[in-house]
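In what follows, a structure is listed as structure tokens, so that the remarks can point back to it.
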Amino acid sequence: MSDNQVCGRAALVAIAEDTASVAACERSLDELCRLLETAGGEAVVRLIQVKAAYNPRTCIGSGKVEELRELCENNDLDMVVFDFELSPSQIRNLEEDLGGIRVIDRSMLILDIFALHATTGEGKLQVELAQLKYTAPRLMGRGKELSRLGGTIGTRGPGESQLETDRRHIKRRIDALEAQLDEMKGTRATMRAARDRSGIPKVAIVGYTNAGKSTLLNYLTDAGVLSEDKLFATLDPTTRRLDLPDNVSMLLTDTVGFIRKLPHHLIKAFHSTLEEAAYADILMVLIDATDPEGEEHLAVTEELLSDLGAAGKPVLYVFNKCDAAVDLPNAAAMGDAAVFVSAKTGMGIDRLLARLVEMIQNGKKKVQLCFPYSDQGRLSAVYGVGNVEDVSYTDEGVLVEVVLDRAGIGQFRKYLTDPTEYKTSEDEDG
Numbered sequence: 111m112s113d114n115q116v117c118g119r120a121a122l123v124a125i126a127e128d129t130a131s132v133a134a135c136e137r138s139l140d141e142l143c144r145l146l147e148t149a150g151g152e153a154v155v156r157l158i159q160v161k162a163a164y165n166p167r168t169c170i171g172s173g174k175v176e177e178l179r180e181l182c183e184n185n186d187l188d189m190v191v192f193d194f195e196l197s198p199s200q201i202r203n204l205e206e207d208l209g210g211i212r213v214i215d216r217s218m219l220i221l222d223i224f225a226l227h228a229t230t231g232e233g234k235l236q237v238e239l240a241q242l243k244y245t246a247p248r249l250m251g252r253g254k255e256l257s258r259l260g261g262t263i264g265t266r267g268p269g270e271s272q273l274e275t276d277r278r279h280i281k282r283r284i285d286a287l288e289a290q291l292d293e294m295k296g297t298r299a300t301m302r303a304a305r306d307r308s309g310i311p312k313v314a315i316v317g318y319t320n321a322g323k324s325t326l327l328n329y330l331t332d333a334g335v336l337s338e339d340k341l342f343a344t345l346d347p348t349t350r351r352l353d354l355p356d357n358v359s360m361l362l363t364d365t366v367g368f369i370r371k372l373p374h375h376l377i378k379a380f381h382s383t384l385e386e387a388a389y390a391d392i393l394m395v396l397i398d399a400t401d402p403e404g405e406e407h408l409a410v411t412e413e414l415l416s417d418l419g420a421a422g423k424p425v426l427y428v429f430n431k432c433d434a435a436v437d438l439p440n441a442a443a444m445g446d447a448a449v450f451v452s453a454k455t456g457m458g459i460d461r462l463l464a465r466l467v468e469m470i471q472n473g474k475k476k477v478q479l480c481f482p483y484s485d486q487g488r489l490s491a492v493y494g495v496g497n498v499e500d501v502s503y504t505d506e507g508v509l510v511e512v513v514l515d516r517a518g519i520g521q522f523r524k525y526l527t528d529p530t531e532y533k534t535s536e537d538e539d540g
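Under my numbering, read the sequence shown as residues 111 to 540, first letter to last.
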């Protein structure tokens, strides 16, 4: 459990640019409320101010600050959560104006949830790195507290000295964490290269947080991944092999959920985890069919995928929780690119798997390989990744006609009798 775990009764605060934006603010606060509940807190009251520009000192206006202070006192609140990022000085000013009540922002709340749900060594290091990078510039707002901790007489405490000590410690810790994560990144790259050499197609399950990605992975592969009706229940990626009839196999990877207003420093800290989507052959984008904001969530997902360099890949849109959906989304325009399932009951799973098989097989081609006799041992590997149709022996070597997918073609590209005819992603990148 995180040392800074959020708990207690809270007020949620948002700013709408104009009256037309209030409804969008309410929806964002609904999500913030769920985030708070996931972290162990309770949203008691909400406050939305219609304001064209943020107050540089406290974001909300002075009148709203006073209203917020009274709400906190009258409702016995422990904290205030703002639905946008606050600067260090704004946090300090708000805490002073609100009589010392704790103030956090959306980014701090998400970081706390990530700390709660990180289970692997890499995940925990990524969370700590993101927390430290977020906390470091905000230490200046805790000068008084540090001074009190010093226990000195009067006001001449070692606050500044302690502050500089903390900054140096954080800098050293950040450097150490980045070095450890770089080492783990190399290990992850080695594992990814091994999966590439296997020639098995890689399918990444992506989508908005709580869309049901882990539930789907568990249903398909018995992966045993934590699956809860909470935001960010899964933080660390899990990859499992799925074997289907007709000699079709795939590697399914569950990824961390996306969310609107995902802090940039979180994307950067978790890039090695999120980039699993960028290296996938097929993206399975999960959408909660019961969520009225499904279309907006899909837009957020596609924007983040683009930021991660995963745009342009083959995509299968999977509308989940259809057993509970009252009005299914209108996805007729997507045609075969969309399927409707329930990862909880298994409804539509057969159709989902059939579409994945079709997508995988559509990427296959019949190619001709020529193995020099010195490399004849590699021939056995071809049988593991493709459908061998003919083998003949020539003066140049062993000639093989085989049906391979894109990954297989890339794996045996050096043996192609006509490399220019079959372009792989590696050729395109080069």
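Note that beta-carbon positions come from the ideal geometry of N, C-alpha and C, so glycine has one too. Bear in mind that the values here come from a model prediction, so they are computed numbers and not experimental data.
For residue i and residue j, which I take to be in contact (beta-carbon distance under 8 angstroms), what is that distance rounded to the nearest angstrom?
| i | j | result |
| --- | --- | --- |
| L418 | L384 | 6 angstroms |
| L157 | V213 | That pair is no contact at about 13 angstroms. |
| T365 | E386 | 6 angstroms |
| L208 | A120 | Contact flag wrong, Cβ pair sits at about 12 angstroms. |
| T66 | Q200 | With the chain running from 111 to 540 in the structure shown, residue 66 is simply not present. |
| L145 | I211 | Rounded, the Cβ-Cβ distance is 19 angstroms, inconsistent with contact. |
| I284 | L239 | 7 angstroms |
| A421 | L414 | Rounded, the Cβ-Cβ distance is 10 angstroms, inconsistent with contact. |
Does DSSP put residue i in a helix, a strand or coil?
| i | result |
| --- | --- |
| G260 | With a pLDDT of 41 at G260, under the threshold of 50, the modelled position of that residue is not reliable, and the figure given next carries that caveat. It is helical. |
| A448 | strand |
| G118 | strand |
| T319 | coil |
| L352 | strand |
| T591 | This structure cannot speak to residue 591, because the chain is shown only from 111 to 540. |
| T504 | coil |
| E288 | helix |
| K312 | strand |
| E499 | strand |
| A163 | coil |
| I369 | coil |
| A491 | helix |
Taking the beta strand (DSSP E) that residue i belongs to, which residues open and close that run?
| i | result |
| --- | --- |
| Q478 | K475 to F481 |
| G151 | G151 to V160 |
| L362 | V358 to D364 |
| A139 | One point to set straight first is that residue 139 is Leu, not Ala, in the sequence displayed. Here L139 belongs to no beta strand (DSSP E); instead the alpha helix (DSSP H) covers V132 to T148. |
| L426 | V425 to N430 |
For residue i, report the span of its alpha helix (DSSP H) as first-last.
| i | result |
| --- | --- |
| R542 | Since the first residue shown for the chain is 111 and the last is 540, residue 542 is missing from the structure and cannot be characterised. |
| E405 | G404 to D417 |
| R516 | R516 to Q521 |
Do residue i and residue j have their C-beta atoms within less than 8 angstroms of each other?
| i | j | result |
| --- | --- | --- |
| I315 | L362 | yes |
| I470 | D505 | no |
| G367 | K423 | no |
| Q478 | T527 | yes |
| L181 | V155 | yes |
| V451 | V428 | yes |
| D215 | A321 | no |
| G494 | V512 | no |
| V160 | A126 | yes |
| T319 | K454 | no |
### Message
Ignoring anything shorter than 3 residues, give me the beta strand (DSSP E) runs that lie fully in the stretch 169 to 197, in order along the chain.
### Response
189 to 192
### Message
If we require 3 or more residues per run, which beta strand (DSSP E) segments fall completely within the stretch 202 to 258?
### Response
212 to 215
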